[in-house]
Amino acid sequence: MVSRHFIVSLILAIVLFPVFKWLSLLVFVFGLLIDVDHYFWYVIKFRDLSLMNAYYYALDKDRSDNDVLHIFHVVEVWILVFILGFFNDVFFLLAVGLGVHLLMDFIHAIRYSMYNGRTYSLFTWMFRN
Numbered sequence: 000m001v002s003r004h005f006i007v008s009l010i011l012a013i014v015l016f017p018v019f020k021w022l023s024l025l026v027f028v029f030g031l032l033i034d035v036d037h038y039f040w041y042v043i044k045f046r047d048l049s050l051m052n053a054y055y056y057a058l059d060k061d062r063s064d065n066d067v068l069h070i071f072h073v074v075e076v077w078i079l080v081f082i083l084g085f086f087n088d089v090f091f092l093l094a095v096g097l098g099v100h101l102l103m104d105f106i107h108a109i110r111y112s113m114y115n116g117r118t119y120s121l122f123t124w125m126f127r128n
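Under numbering that gives the first Met the number 0, the sequence shown has 62 at position 63, and the numbering climbs by one with no breaks.
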């Protein structure tokens, strides 16, 4: 099954290709690699390096995760990337990939009423934990 992040990031990279040439592929790569923080969280929580176990865990719709820290999905990272995007093409493309990825995540969260699973601020997460 091909993920919506894969499809949308690929389409966006193709649309940006006339302007950014091969650098536009960074939107595609960043749009997918942002989710590596899901794996980091799984490894820390379960002390298990198995990529397959992490994948199956992510597919489990019955899990009840609350206040999960996905480090690349917090507002502090968004702000940093978006500010750096004003000064550098690579960070601009990272910001585009991140922004589209997060928009899809928010739509998914609203559509399926998944509001409490992930924290959106590193600072508030640190104060709670």
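Don't be surprised by glycine CBs; every beta carbon is placed ideally from N, CA and C.
For residue i, which of the options has the nearest alpha-carbon?
i     : options                      : result
Trp77 : Val18, His4, Met125, Ser120  : Ser120
Phe29 : Arg3, Gly116, Ala53, His100  : His100
Tyr38 : Val26, Ile109, Asn52, Leu25  : Asn52
Val26 : Phe45, Tyr41, Asp36, Gly84   : Gly84
His72 : Leu50, Gly96, Tyr55          : Gly96
Asp34 : Val14, Trp124, Ser112, Leu50 : Leu50
Gly98 : Phe86, Ile82, Arg46          : Ile82
Leu9  : Thr118, Ile109, Phe45, Leu92 : Leu92
Starting from residue i, follow the alpha helix (DSSP H) in both directions and report where the run begins and ends.
i      : result
Val67  : Looking at the DSSP string, Val67 is not in any alpha helix (DSSP H), and its letter there is neither H nor E.
Trp21  : Neither: Trp21 is in no alpha helix (DSSP H) and is coded neither H nor E.
Val73  : Neither: Val73 is in no alpha helix (DSSP H) and is coded neither H nor E.
Arg110 : 88-110
Ile43  : 35-45
Leu58  : 50-58
Just grab the DSSP bridge partners of residue i for me.
i      : result
Arg117 : Val67
Quick check: what's the CA-CA separation for residue i versus residue j?
i      : j      : result
Ala132 : Val67  : Because the chain in this structure spans residues 0 to 128, residue 132 falls outside the shown range and cannot be described.
Ile43  : Phe122 : 19 Å
Ser63  : Gly116 : 8 Å
Lys20  : Phe126 : 43 Å
Pro17  : Asp88  : 14 Å
Ser2   : Lys60  : 16 Å
Ile106 : Phe5   : 16 Å
Asp111 : Leu22  : Reading off the sequence, residue 111 comes out as Tyr, not Asp. Going by the C-alpha atoms only, they are around 34 Å apart.
Leu40  : His69  : Here residue 40 turns out to be Trp, not Leu, going by the sequence shown. Spanning the two alpha carbons is a distance of roughly 7 Å.
Met0   : Ala94  : Because the pLDDT at Met0 is just 45, under 50, the model does not fix this residue reliably, and the value given afterwards should be weighed accordingly. Going from the Cα of Met0 to the Cα of Ala94 covers about 26 Å.
Met113 : Asp104 : 10 Å
Measuring only between beta-carbons, confirm whether residue i sits less than 8 Å from chain D.
i     : result
Asn65 : In the structure shown, chain D cannot be found, because there is only a single protein chain.
Taking 7 Å as the cut-off, is the beta-carbon of residue i closer than that to any non-hydrogen atom of the ligand GTP?
i     : result
Asp47 : Inclusion of the ligand GTP in the displayed structure is not the case, the ligand content being empty and no account of it being possible.
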